[in-house]
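Residue numbers are given in numbering that gives the first Met the number 0: position 99 of the sequence shown equals residue 98, and the series is strictly consecutive.
Where is the CB? At the ideal position from N, CA and C, for every residue including glycine.
Quick notes on the structure that follows.
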Amino acid sequence: METISLILFVPALLLLLYFGSRDFIRELKADRWWNEKLWLIVSIPALVALVIAIGRVDIAFPDWPPKTIKGLFSVVVAALISLFWIMYLSWLDFYEREKKRYLLTTFVLGSAFTFLVFPISGLINLLGFNLNGDLWNDFLYCIFGIGTIEELVKFIPLFLMWRFSRQVDEPFDFLLYASISALGFAFVENILYLYQSDLSAVYARALYSSVAHMFFSSIIAYGWIWWEYRGRRFHIGIFLALLLLASLAHGFYDFWLIRFELKLQAITLLFFLLNLHVWVLMKNNLINISSFYNPRLKLNSHLFMYRLTSLMLIVSVVAITGYNILFGQAATRSFSWFLMRQYTYVFVYVTVSFSSFQVIPGYIGSFKIPKRLFFPKILRYPDYTGLSIRMDRRGRKTVHADSVLNYLSGTERLLRHRVVMDGLPNCYGIEVGERIYIIQFVKEHPRQNDVWQVAVFKPKNPDVEARAYFKSLELSKQGEMLAKILR
0 METISLILFV
10 PALLLLLYFG
20 SRDFIRELKA
30 DRWWNEKLWL
40 IVSIPALVAL
50 VIAIGRVDIA
60 FPDWPPKTIK
70 GLFSVVVAAL
80 ISLFWIMYLS
90 WLDFYEREKK
100 RYLLTTFVLG
110 SAFTFLVFPI
120 SGLINLLGFN
130 LNGDLWNDFL
140 YCIFGIGTIE
150 ELVKFIPLFL
160 MWRFSRQVDE
170 PFDFLLYASI
180 SALGFAFVEN
190 ILYLYQSDLS
200 AVYARALYSS
210 VAHMFFSSII
220 AYGWIWWEYR
230 GRRFHIGIFL
240 ALLLLASLAH
250 GFYDFWLIRF
260 ELKLQAITLL
270 FFLLNLHVWV
280 LMKNNLINIS
290 SFYNPRLKLN
300 SHLFMYRLTS
310 LMLIVSVVAI
320 TGYNILFGQA
330 ATRSFSWFLM
340 RQYTYVFVYV
350 TVSFSSFQVI
360 PGYIGSFKIP
370 KRLFFPKILR
380 YPDYTGLSIR
390 MDRRGRKTVH
400 ADSVLNYLSG
410 TERLLRHRVV
420 MDGLPNCYGI
430 EVGERIYIIQ
440 FVKEHPRQND
450 VWQVAVFKPK
460 NPDVEARAYF
470 KSLELSKQGE
480 MLAKILR
């Protein structure tokens, strides 16, 4: 796993630099000096410079025992990791935001119920089920002795909030509360691992373990709401099936890390990357089927990459500060370089993938194993729903002599709803008389802001015009023209 991370270190860094420089130049050209994105981009090199500076000095600190310092920073870093991931989840909950007190309650319950793991695990060990070095025994133990226990414990706060608070009232809420419960669990676990590792496990806990815990808990939550969304009643049999699935995923992830001597930790990395793609799809699907949909509310997911990057760099600043106090500047420089070369790839993969959302009401994406698994999920299509466009005669390329483009030229059209065509979410429905036509944004004008080359399609079957998904074979292309977005 370390070898793969090292090989992909440079490409990942270049990808982050590409996005940052491209968006920075765009913000400057648009003269958006007070835009959040611009200042987030500026903050990233500033935080990196701060990390480097910490390794160049010996930080003065009260003469406390090393164990006290280590314990203090372990708690602070673990708290920041949980806080920042809760912030991220709250950005996605933008239709009907949850009250902070309920999120805090769920987090506290998740932390408290973590301590149930110890007596349950102790009982299982007394019954003779332990890690003993046998391959199959250890694999089953990772699934049932670790995975099942932890996933069951993390499920309890979600169930309690659903049963007694009446706050779990939209599809995404199930995943939100499940993930925050998982972060409560991870908070306690992170303190222990950070303390035992002298803070060196900071990104292993922030980028791998915390995210993995959220994903495994989301399996049950997603299956639950999906079952009910299809009009079926959630019952104990479905819960046990979902618990088994979450346990299998959890155990498979842990096994290759626990059996370190097999030197197959790369399997955990590959599985983790696959999980990231699935989790993004889960979140996006649940947002798309929200009954609280409001076209005036936009998910500014293009900001998430820069927000997450800044927040995770703050985590590293605090952890490296503690490391400097404990071990001095020379060791801190080595530690900083270790974090950079070993975690930059996953850092970029997570931050880019977790900013790739497309809100399309009613559209439910199906999971496919990505052909380019080593590349993060990259979707950067802006949401123009509710805006109008002026159809321009320039650039007109008609397919038929009597094409509708002649009728559209010079008119203004409202982008009524967003549409996916062949998996691409860059299409919108517009009204043309009594019919709905599909506009696809093909390419932005290189010299004019908000001017696009668009393709115009007519659904072959008028009965499916309001659908959120089309295959190109279901549409008849009318031609192409220019369109200006009216803001």
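### Task
Kindly list the residues whose CB is nearer than 8 Å to the CB of residue 34, restricted to its own chain and excluding five residues on each side of it in sequence; keep chain order.
As a working mapping, residue 34 is identified with position 35 in the sequence shown. Cβ neighbours of residue 34 beyond the five flanking positions: 26.
### Query
Per DSSP, what kind of secondary structure is residue 198 in: helix, strand or coil?
The residue given as residue 198 occupies position 199 in the sequence shown. The answer is coil: DSSP assigns residue 198 none of H, G, I, E or B.
### Query
Contact check, residue 88 vs residue 178 under 8 Å by CB: the rounded distance?
Position 89 of the sequence shown holds residue 88. Position 179 of the sequence shown holds residue 178. Yes, residue 88 and residue 178 are in contact; Cβ-Cβ is about 6 Å, under 8 Å.
### Alpha-carbon to alpha-carbon, residue 365 and residue 324
Walking along the sequence shown from the start, residue 324 turns up at place 325. Walking along the sequence shown from the start, residue 365 turns up at place 366. Distance between the alpha carbons of residue 324 and residue 365 is about 49 Å.
### Query
Going by Cα to Cα distance, which pick from 145, 367 and 328 is closest to residue 116?
Within the sequence shown, residue 116 is the residue found at index 117, counting from 1. Comparing Cα-Cα distances from residue 116 to each of 145, 367 and 328, the minimum goes to 145.
### Query
Which same chain residues, not among the five before or five after residue 83, have their C-beta less than 6 Å away from its C-beta?
Indexing the sequence shown from 1 puts residue 83 at position 84. Once the five neighbours on either side are set aside, the close Cβ partners of residue 83 are 310.
### Task
Would you give the residue range spanned by the beta strand (DSSP E) that residue 307 belongs to?
Within the sequence shown, the letter at position 308 stands for residue 307. Where residue 307 is concerned, there is no enclosing beta strand (DSSP E), although the alpha helix (DSSP H) it sits in stretches over 303-326.
### Task
Please check the pair residue 194 and residue 99, which I expect to be a contact at CB under 8 Å, by giving their CB distance rounded to whole angstroms.
In the sequence shown, counting from the first residue as 1, residue 194 sits at position 195. In the sequence shown, counting from the first residue as 1, residue 99 sits at position 100. Not quite, the Cβ-Cβ distance comes to about 28 Å (not below 8 Å), so this is no contact.
### Query
What are the boundary residues of the beta strand (DSSP E) that residue 153 is part of?
By 1-based counting over the sequence shown, the position of residue 153 is 154. Counting along the chain, residue 153 falls outside any beta strand (DSSP E), though it belongs to the alpha helix (DSSP H) covering 148-163.
### Message
Beta-carbon within less than 7 Å of residue 337's beta-carbon, same chain only, minus the 5 sequence neighbours each way: which residues are those?
### Response
Mapped onto the sequence shown, residue 337 falls at position 338. So the list is empty, once near-sequence residues are dropped.
### Query
Contact check, residue 317 vs residue 76 under 8 Å by CB: the rounded distance?
Counting from one through the sequence shown, the residue named residue 317 turns up at place 318. Counting from one through the sequence shown, the residue named residue 76 turns up at place 77. That belief holds up - the Cβ atoms of residue 317 and residue 76 are roughly 6 Å apart, short of 8 Å.
### Query
Does the stretch 354-370 come close enough to the stretch 288-303 that 3 or more CB-CB pairs lie under 8 Å?
yes
### Task
Using three-state DSSP, classify residue 171 as helix, strand or coil.
Counting from 1 along the sequence shown, the entry for residue 171 is found at position 172. Residue 171 falls in the helix class under three-state DSSP.
### Query
What do you get for residue 240, buried or exposed, if any count of 16 or more other CB atoms within 10 angstroms of its CB means buried?
Taking the first residue of the sequence shown as 1, we reach residue 240 at position 241. When all chains shown are included, residue 240 counts as exposed.
### Task
Buried or exposed for residue 425, please, with buried defined as at least 16 other CB atoms from any protein chain shown within 10 angstroms of its CB.
Looking up residue 425 in the sequence shown gives position 426. Per the 10 Å Cβ criterion, buried.
### Query
Roughly how many whole angstroms lie between the Cα atoms of residue 328 and residue 335?
The sequence position of residue 328 within the sequence shown is 329, counting from 1. The sequence position of residue 335 within the sequence shown is 336, counting from 1. Cα to Cα, residue 328 sits roughly 10 Å from residue 335.
### Query
Sorted by chain position, which residues of the same chain lie with C-beta nearer than 6 Å to residue 175's C-beta, five sequence neighbours on each side aside?
Here residue 175 is taken as the residue at index 176 of the sequence shown, counted from 1. So the list reads 88 and 92, once near-sequence residues are dropped.
### Task
Within 10 angstroms of the Cβ of residue 447, are there 16 or more other Cβ atoms? Answer buried if so, exposed if not.
Working through the sequence shown from its first residue, we reach residue 447 at position 448. Counting Cβ neighbours within 10 Å, residue 447 comes out exposed, since fewer than 16 surround it.
### Query
What are the complete beta strand (DSSP E) segments, minimum 3 residues, inside the stretch 223-285?
none
### Task
Check whether the Cβ atoms of residue 480 and residue 408 sit closer than 9 Å, and answer yes or no.
By one-based count along the sequence shown, residue 480 stands at place 481. By one-based count along the sequence shown, residue 408 stands at place 409. Closer than 9 Å, so yes.
### Task
Could you work out which residue in 453, 422, 451 and 457 is closest to residue 434 when comparing CA atoms only?
Counting from one through the sequence shown, the residue named residue 434 turns up at place 435. When each option's Cα is compared against that of residue 434, the closest is 457.
### Task
For the stretch 333-418, list the beta strand (DSSP E) runs that are entirely contained and at least 3 residues long, ordered along the chain.
387-397 and 411-413
### Task
Would you verify that the beta carbon of residue 311 is, or is not, closer than 9 Å to some beta carbon of chain B?
Absence of chain B from the displayed structure is noted, only one protein chain being present.
### Query
By DSSP, does residue 430 sit in helix, in strand, or in coil?
If you number the sequence shown from 1, residue 430 lands on position 431. Residue 430 falls in the strand class under three-state DSSP.
### Query
If you count every other CB in all the chains shown that lies within 10 Å of the CB of residue 86, and 16 or more means buried, which is it?
Start at 1 with the first residue of the sequence shown, and residue 86 comes out as number 87. Its Cβ having fewer than 16 others within 10 Å, residue 86 is exposed.
### Task
In angstroms with no decimal places, state the Cα-to-Cα distance between residue 254 and residue 192.
As a first step, residue 254 is located in the sequence shown; it is residue number 255 there, counting from the start. As a first step, residue 192 is located in the sequence shown; it is residue number 193 there, counting from the start. Going by the C-alpha atoms only, they are around 17 Å apart.
### Task
Identify whether residue 64 lies in helix, strand or coil by the three-state DSSP scheme.
By 1-based counting over the sequence shown, the position of residue 64 is 65. Coil at residue 64, not helix or strand.
### Task
Compare the Cα-Cα distances from residue 306 to each of 46, 231 and 198 and report the closest residue.
Residue numbering aside, residue 306 sits at position 307 when the sequence shown is read from its first letter. When each option's Cα is compared against that of residue 306, the closest is 46.
### Query
Just how far apart, CA to CA, sit residue 204 and residue 79?
Within the sequence shown, residue 204 is the residue found at index 205, counting from 1. Within the sequence shown, residue 79 is the residue found at index 80, counting from 1. Cα to Cα, the separation comes out at about 11 Å.
#### Entry: Where the alpha helix (DSSP H) through residue 38 begins and ends
Sequence index remark: in the sequence shown, residue 38 carries index 39 (1-based). Looking at the DSSP string, the run of the alpha helix (DSSP H) that includes residue 38 is 35-53.
### Burial state of residue 22 (16 or more Cβ within 10 Å)
Residue numbering aside, residue 22 sits at position 23 when the sequence shown is read from its first letter. Its Cβ being crowded by 16 or more others within 10 Å, residue 22 is buried.
### Query
Is the number of C-beta pairs between the stretch 121-138 and the stretch 158-171 that are closer than 8 Å three or more?
no
### Task
Drop a sphere of 10 angstroms on the beta-carbon of residue 62, count the other beta-carbons inside from all chains shown, and report buried for 16 or more, exposed for fewer.
Translated into the one-based positions of the sequence shown, residue 62 becomes position 63. Classification of residue 62: exposed, given that the 10 Å Cβ count is below 16.
### Query
residue 219: which of 243, 211, 411 and 228 sits nearest, CA to CA?
Your numbering for residue 219 matches position 220 in the sequence shown. Of the candidates 243, 211, 411 and 228, the one whose C-alpha sits nearest the C-alpha of residue 219 is 243.
### Query
In chain order, what residues of the same chain lie with their CB nearer than 6 Å to the CB of residue 12, ignoring the 5 residues before and after it?
The residue given as residue 12 occupies position 13 in the sequence shown. Around residue 12: 343.
### Message
When you compare the CB positions of residue 477 and residue 403, do they come within less than 9 Å of one another, or not?
### Response
On the sequence shown, position 478 is the one that residue 477 refers to. On the sequence shown, position 404 is the one that residue 403 refers to. Against a cut-off of 9 Å, the Cβ pair of residue 403 and residue 477 comes out as a contact.
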